[in-house]
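Heads up, the thing below is written out as structure tokens.
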Amino acid sequence: MPDDATSNPNEIAGTVESVVFHNEENGYTIMQVKVDAGGELVTVLGKLPAVVEGEDVRAVGKWVNDKRFGSQFRAQRIDPVAPTSDKGIERFLASGLIDGIGKTYAGRIVKIFGGDTFRIIEQESKKLQQVKGIGKARRLKIKDSWNRQKAVRDIMIFLHSHGLSTARALRIYKNYGPDSVNVLRKDPYRLASDLPGVGFKTADDIARKMGQSINSPRRLAAGLSYVMERSEKRGHCAVPREDLLREAAEVLLTEDAVLASVLDELIEKHTLLAETINRVELIFPPDLIEAEKTVARRVMALVDQPVGYPEIDTDRAIEWFERRNGFQFGAEQADAVKGVMKHRFFIITGGPGVGKTTILNAVLQILAAKKVEPVLCAPTGRAAKRLSESTGREARTIHRLLAVQYEGDFSRNHNSPLDGDVFVVDEASMIDVRLMASLLEAIPAEGHVILVGDVDQLPSVGPGTVLRDLIGSGVAPVSHLRQIFRQAEASQIITAAHDINEGRVPDLETKQPDSDFFFIERNDPDSILSTLIELVNQRIPDKFGLDSRDDVQVLTPMHRNSLGTKALNAALQESLNPPSDFKLEIERFGSTFRTGDKVIQMRNNYDTDVFNGDIGHIREITTEPARIQVVFEGDREVRYEPGDLDELQLAYAVTIHKSQGSEFPAVVIPISMQQYVLLQRNLIYTGITRGQRLVILVGERRALSMAVKNQDSRKRWTGLQNRMAKAE
């Protein structure tokens, strides 16, 4: 170090002797570097996407004196340089970075090829077979690993210089392959649309650094697409033109007028489509408008077609079912069975305890006696499992039924329709317009469809309000069940759910010990949190004999704040699965994953056959190589590499939206004014109806009262209901 530290940048170059610390997420590195000038060992701090012992680096920065650690070089920029000395090359290869080369082979290779080693590996790899112990298979392994590491390293350096993490670079490489850097240089906005987790603002920042002007047509078009995608994530199929221009102008820091001409050009090219519905000009993505038209067309075709069942005396069939099962339907339930038998397309909707499952079983048993072949499906794995358990028949997810290839692409379609006579679709409120279109397209010409769901629950996570729009159109035949079955009346969960759905705050007074619904009043977030942790960790397991991890699910309206999923998961993980010397852990994307943790899949992965909302637990974590083994329901084991971990989140607490289609033995829900923006009737109603044996609300009475009164869930812009009247 110079005698007096200076504020002017300095430059050093040397060989990495040891890596003291390296954070793969943000690239922060502390390393010991032997500088070329004089061979002095220097501590260097800075950001480097990847680093291994033995490689050469060049760093620009400042010398500082740290009170604890003495002289250090704090680098503003660090560039890796391939080592040139034989010793440096050998140490680099021996680091384990290249598959097929360890310390022994590194020494043998460098002994033969010396400073020419890297060129040999890259350009004349066949010569590696001159080295003792290296045959064709190992040589190809080395060559392949070298190419992958070189490509990934180039990408990491490029992206890290633009503020993206190393782990994200690995995902980008998987997405674009060896041509990643060229793809992104040509159009960095592709990052936002192609790669989950990378937003428009990050892509825009990269583009601006690469010289993109603020009003370039490509940037403005990308901004409009971003607002359309953001609206779709909120559940909309379309955006009013005025709203689209206003929101895009705010994002892009430009004027509406500048954007209008770009929007008109996108509409002219059919990149976006405009349609006026109820005197509002709506802008649609082409695939969503087509999905709506497909749903409307297929439903209307089914509604207009007479049933194809064998002749059935429905009254006698209902009596037969009642005698066989030892109970009697109410008039409402009997009418629903009759409705199914009279229509090729029929909807059964209603809250918990109104007999949807019993009606479905009656229909299936009556039709089975007539040799009618049923096919049962649901949107999620958990919902399909419950449907199978309640009917005693095989049920599959819609994705598996349609033989999914990748997102939105299915093997079963109008050219290759499904086999079966009647298709029962449970939890229909969860189905977005794209998936419903794909399902209806695959129904055979002589097929029948029964949709079963609770229209008062939250709508689908994906775009549209399909079940609500079909019912609201008045075109599709519907049985809306309201009468609670006598045996269900004893459940306080069901009573509370119906009270809430009808706009009444349920009875919150202390219940009998054998009650299944409780409200514990706490009036600040800290006491809500501490009570919630005590319930999950001690009181529920002790009193009800339920497992804290596998049987108890915390549901919350939001992600953020002290009662959001992120904070709750951290607190529950610390309580239920604290760190120990016997548990390995790995940190990625702002989360720490530990052996034994409860986790949830955040998006569909068709390669591993794991879908958005699937819940499992971490069976094993390994460090060399770094990977996580997760076990999902049915003992399905899935391996995650470090770069894949943005697909996972801790699942001790999940949002109520994510819980749709699932049921849990016990549910605990925090209710606080902290969540006021999201306190809505259908949200609380959906959360309560997820509990099978026990539901506990912890929080403020006024927050619950606000949620029950707030029926104005956010309107979704769709066109399906309008299309049903004039199915195209």
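Note that this note's numbering numbers the sequence shown so that position 390 is 782, with each residue one more than the last.
For each residue, glycine too, the CB sits at the ideal point set by N, CA and C.
Remember, predicted model here, so these are calculated numbers, not experimental data.
Look at the Cβ atom of residue i, then the Cβ atom of residue j, and state whether they are nearer than 7 Å.
| i | j | result |
| --- | --- | --- |
| R483 | G430 | no |
| L1112 | D861 | yes |
| V573 | D546 | yes |
| V867 | L859 | no |
| L371 | C769 | Absent from the model: residue 371. The displayed extent of the chain is 393 to 1120, so no value can be given. |
| N961 | A1045 | yes |
| I790 | P809 | no |
| Q757 | F719 | no |
| A362 | T686 | Absent from the structure is residue 362, since the part of the chain shown begins at 393 and ends at 1120. |
| A834 | R804 | yes |
| G438 | A467 | yes |
| P917 | L955 | yes |
| G1005 | K1050 | yes |
| V946 | A1058 | no |
| I1010 | D989 | yes |
| R500 | V523 | yes |
| R931 | T923 | no |
| Q1021 | E1055 | no |
| P933 | S940 | yes |
| A640 | L616 | yes |
How far does the beta strand (DSSP E) with residue i in it reach, from first residue to last?
| i | result |
| --- | --- |
| D918 | First-last for D918: P917 to E926, but that is the alpha helix (DSSP H), not the beta strand (DSSP E). |
| S517 | Neither: S517 is in no beta strand (DSSP E) and is coded neither H nor E. |
| I739 | F737 to G742 |
| Y798 | V796 to Y798 |
| D448 | D448 to D458 |
| I1010 | I1007 to T1015 |
| D787 | Before going further, note that residue 787 is Ala rather than Asp in the sequence given. Taken as a continuous stretch (DSSP letters only), the beta strand (DSSP E) holding A787 covers A787 to T789. |
| R469 | G462 to V473 |
| A845 | Just to set this straight, residue 845 is Gly in the shown sequence, not Ala. Per DSSP, G845 belongs to the beta strand (DSSP E) from H840 to G845. |
| I912 | F909 to E913 |
| Y420 | Y420 to V427 |
Which two residues bound the contiguous alpha helix (DSSP H) that contains residue i?
| i | result |
| --- | --- |
| A761 | K748 to A761 |
| N415 | Run containing N415: none; DSSP gives neither H nor E here. |
| M733 | A723 to K734 |
| I481 | D478 to L485 |
| V575 | S572 to K578 |
| Y1032 | Y1032 -> not in any alpha helix (DSSP H); beta strand (DSSP E) instead, spanning R1028 to Y1032. |
| N717 | T706 to N717 |
| V858 | V858 to G864 |
| V828 | One point to set straight first is that residue 828 is Met, not Val, in the sequence displayed. Here the alpha helix (DSSP H) through M828 covers V825 to A834. |
| A584 | R582 to D586 |
Going by DSSP in three states, residue i sits in which element: helix, strand or coil?
| i | result |
| --- | --- |
| A882 | coil |
| R874 | coil |
| I978 | strand |
| L768 | strand |
| W1109 | coil |
| T686 | helix |
| I547 | helix |
| V695 | helix |
| G406 | strand |
| T496 | helix |
| M994 | coil |
| V434 | strand |
| L938 | coil |
| N1004 | coil |
| I1020 | strand |
| T987 | coil |
| S399 | Legend: pLDDT at S399 = 43, less than 50; position of this residue unreliable, value from coordinates given subsequently. Coil at S399, not helix or strand. |
| A776 | helix |
| N805 | strand |
| L1042 | strand |
| P678 | helix |
| M1116 | helix |
| I513 | helix |
#### Entry: 4-residue-minimum alpha helix (DSSP H) runs that sit fully inside the segment 1067-1100, ordered along the chain
1073-1080
### Task
Would you mind listing the alpha helix (DSSP H) stretches within the segment 944-976 that are 4+ residues and don't spill past its ends, in chain order?
957-968
### Query
Is the segment 907-925 close to the segment 1083-1095, with three or more CB pairs under 8 Å?
Result yes; three or more Cβ-Cβ pairs closer than 8 Å.
### Length at least 3, wholly inside the segment 596-672: the beta strand (DSSP E) runs in chain order
665-669
### Task
Please confirm if the segment 490-507 is in contact with the segment 522-537, defined as three or more CB-CB distances below 8 Å between the two stretches.
yes
### Message
Would you call the segment 735-747 in contact with the segment 1011-1027, where contact means no fewer than 3 C-beta pairs closer than 8 Å?
### Response
no
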